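Written out below as structure tokens is the structure these notes cover.
Residue numbers (this note's numbering): 92 to 284.
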């Protein structure tokens, strides 16, 4: 979830949600869950991290996503306009639509804002998913190697950037990490190969 205030994207207000109630790939149901949680949090704790309710919600998608978000909003008997960011063949926003599929006329400046906003949403989501994948890979790979604790794991990842980077490193390069001797370096190489 990304937030803009007075036309300025506020990175400090972006939030990432772990989906708790949807166990399949179902974007509309995931959106409904996220918006439900977002609105509930704002209503119950207006001084919290989410603050006030939004004036408008832009859905990354079309009518199906708009309807899912409207279902979330209707649970609280409030009114928040919802618009879908419809994409072109290059996956870029080409227009906004409302819940009746009416195209909203925008100036070039407004369309640029919507495009930048969509880019921010994608970057936030991609970064979050990358971190989750890396965390899962890191846990399943390095935690299984005897002699590798949290400090060594963190230093390996800091030095080489990822499991793939560690995998490509030579034994000599691995032994330059504090606490990694040749025996442990060989274990790392054997395990990751």
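Think of the CB as a built atom: it goes at the ideal place given N, C-alpha and C, for glycine as much as any other residue. It should be emphasised that the depicted structure is a prediction, and the values quoted were computed from it without experimental measurement.
Identify which residue in the options has its Cα closest to the Cα of residue i.
i, options, result
"residue 173", "211, 183 and 159", "159"
"residue 133", "197, 169 and 103", "169"
"residue 147", "116, 98 and 112", "98"
"residue 188", "128, 131 and 196", "196"
"residue 222", "103, 92 and 107", "107"
"residue 270", "216, 219, 284 and 239", "239"
"residue 247", "276, 220 and 105", "276"
"residue 111", "249, 121 and 105", "121"
"residue 194", "153, 249 and 181", "153"
"residue 182", "163, 209 and 167", "209"
"residue 191", "103, 166, 161 and 199", "161"
"residue 284", "259, 213 and 266", "259"
Can you have a look at residue i and say buried or exposed, based on whether 16 or more other CB atoms are within 10 angstroms of its CB?
i, result
"residue 84", "No answer is possible for residue 84: the residues shown for the chain start at 92 and end at 284."
"residue 149", "buried"
"residue 129", "buried"
"residue 114", "exposed"
"residue 125", "buried"
"residue 123", "buried"
"residue 156", "buried"
"residue 279", "buried"
"residue 164", "buried"
"residue 268", "buried"
Examine the ligand NAD and report whether any of its heavy atoms sits within less than 8 Å of the Cβ of residue i.
i, result
"residue 155", "The model on display carries no ligand, and the ligand NAD is accordingly not part of it."
What does DSSP give as the partner residues of residue i in its beta bridges?
i, result
"residue 184", "178"
"residue 149", "174"
Inspect the beta-carbon positions of residue i and residue j and report whether they are closer than 9 Å.
i, j, result
"residue 273", "residue 257", "no"
Answer yes if the region 126 to 145 comes into contact with the region 174 to 183, meaning at least three C-beta pairs across the two stretches below 8 Å, and no otherwise.
Contact between the region 174 to 183 and the region 126 to 145 is absent, because fewer than three Cβ pairs lie under 8 Å.
Would the region 197 to 210 and the region 247 to 266 be scored as touching if the rule is three or more Cβ pairs under 8 Å? Two segments are said to touch when three or more pairs of C-beta atoms, one from each, lie closer than 8 Å; by this definition the region 197 to 210 does not touch the region 247 to 266.
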